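If you want our numbering, it's the 1-based position in the sequence shown plus 75.
Cβ coordinates follow ideal geometry from the N, Cα and C atoms, glycine included.
Model, not experiment: these values are computed from the prediction.
Following: one structure in structure tokens, then a few remarks.
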Amino acid sequence: MRAIMYVAHGSRLPEKNREFRCFVEQIMQQRPETHQKIAFLEKEDETMALVGETLMEAGASEITVIPMLLFPAMHATKDIPEQVIALKKAHPDVTFQIADTFGAEEETIAVAASRIKAASPAKSAAILVIAHGSATYHEPRIQMQRVAEKLSAELGNPVTLGMLHGEPNYRQVATELAATNDNIYWMPYFLFTGQLVDKIRAGITEVSEHTPNTTWHETNCLELDSSLAPAVLRKITEVSQ
Numbered sequence: 076m077r078a079i080m081y082v083a084h085g086s087r088l089p090e091k092n093r094e095f096r097c098f099v100e101q102i103m104q105q106r107p108e109t110h111q112k113i114a115f116l117e118k119e120d121e122t123m124a125l126v127g128e129t130l131m132e133a134g135a136s137e138i139t140v141i142p143m144l145l146f147p148a149m150h151a152t153k154d155i156p157e158q159v160i161a162l163k164k165a166h167p168d169v170t171f172q173i174a175d176t177f178g179a180e181e182e183t184i185a186v187a188a189s190r191i192k193a194a195s196p197a198k199s200a201a202i203l204v205i206a207h208g209s210a211t212y213h214e215p216r217i218q219m220q221r222v223a224e225k226l227s228a229e230l231g232n233p234v235t236l237g238m239l240h241g242e243p244n245y246r247q248v249a250t251e252l253a254a255t256n257d258n259i260y261w262m263p264y265f266l267f268t269g270q271l272v273d274k275i276r277a278g279i280t281e282v283s284e285h286t287p288n289t290t291w292h293e294t295n296c297l298e299l300d301s302s303l304a305p306a307v308l309r310k311i312t313e314v315s316q
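Put into structure tokens, the structure is as follows:
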């Protein structure tokens with residue numbers, strides 16, 4: 076029997092975890108598997124180990140692991156595979172597949188473009204898209220550079236990339252943009268607003284205090300939009316074939 080385990084980072088805020096459950100449940104409804112569960116990397120009562128054991132007790136002989144993450148940094152590249160190896164070691168007869176992340180999929184980019192368009196930036200405005208990034212893994216930056224290029228083509232505005240972690244540092248990028256632009260729209264390229272977006276917002280506020288001639292506009296993030304579901308479903312299909 077095939078089962079699916081959706082692995083999310085998890086939030087310290089219970090309401091954010093509830094929102095994530097609702098988002099994943101929409102995806103579950105579009106899959107035929109009767110056994111599908113959510114695991115959280117930072118929620119002790121729903122770890123990958125516990126959820127995996129539950130699925131196997133229900134008869135799962137093949138488990139597809141879906142990282143509910145935008146880009147392949149530490150969680151997708153190290154933490155999730157290590158948890159899968161531990162499960163596989165304890166249950167060598169069970170087959171596991173790990174899907175790719177979905178931050179660079181066309182649906183995700185389309186949602187990001189819609190968020191920016193909803194803010195109605197002028198053609199002369201600068202667009203700054205800020206992602207999580209990584210100081211260790213290069214792939215998130217490479218993928219986000221492609222995302223920025225596609226967003227620029229879709230929006231008709233130059234789109235500049237900034238990262239919370241790693242390069243290019245969003246604060247430095249924001250400061251450089253403000254030197255030549257008096258109107259900047261910035262979008263947090265995150266699944267939902269949480270502590271990291273709050274941290275970025277505080278950083279942009281600090282930059283704005285030193286750039287009084289620039290007006291800063293924040294757009295909404297991806298907000299767990301239901302339009303992201305096809306991107307996740309595609310990743311499930313790709314790894315399940």
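Whole runs of the beta strand (DSSP E) within the stretch 125-208, excluding any shorter than 3 residues: 137-142, 170-173, 201-208
N-terminal and C-terminal residue of the beta strand (DSSP E) that residue 112 is part of: 111-115
Through-space distance from residue 208 to residue 318, alpha-carbon basis: The structure shown has nothing for residue 318, since the chain only spans 76 to 316.
Length of the line joining the Cα atoms of residue 188 and residue 230: Distance between the alpha carbons of residue 188 and residue 230 is about 7 Å.
CB contact flag (residue 82, residue 114, <9 Å): The answer is yes: Cβ separation under 9 Å.
Rounded Cβ spacing between residue 263 and residue 205 (contact assumed at less than 8 Å): 6 Å
Burial state of residue 141 (16 or more Cβ within 10 Å): It is buried - the Cβ of residue 141 has at least 16 other Cβ atoms within 10 Å.
Within 9 Å, strictly: CB atoms of residue 87 and residue 247: no
Cβ neighbours of residue 218 in the same chain (closer than 7 Å, five flanking residues each side left out): 146, 178, 179
Residue 121 to residue 239 span [Cα, whole Å]: 28 Å
Every unbroken beta strand (DSSP E) inside the stretch 249-300 [3 residues or more]: 258-263, 290-293
Any C-beta of chain D under 9 Å from that of residue 128: Protein chain content of the structure displayed is limited to a single chain, and chain D is not contained in it.
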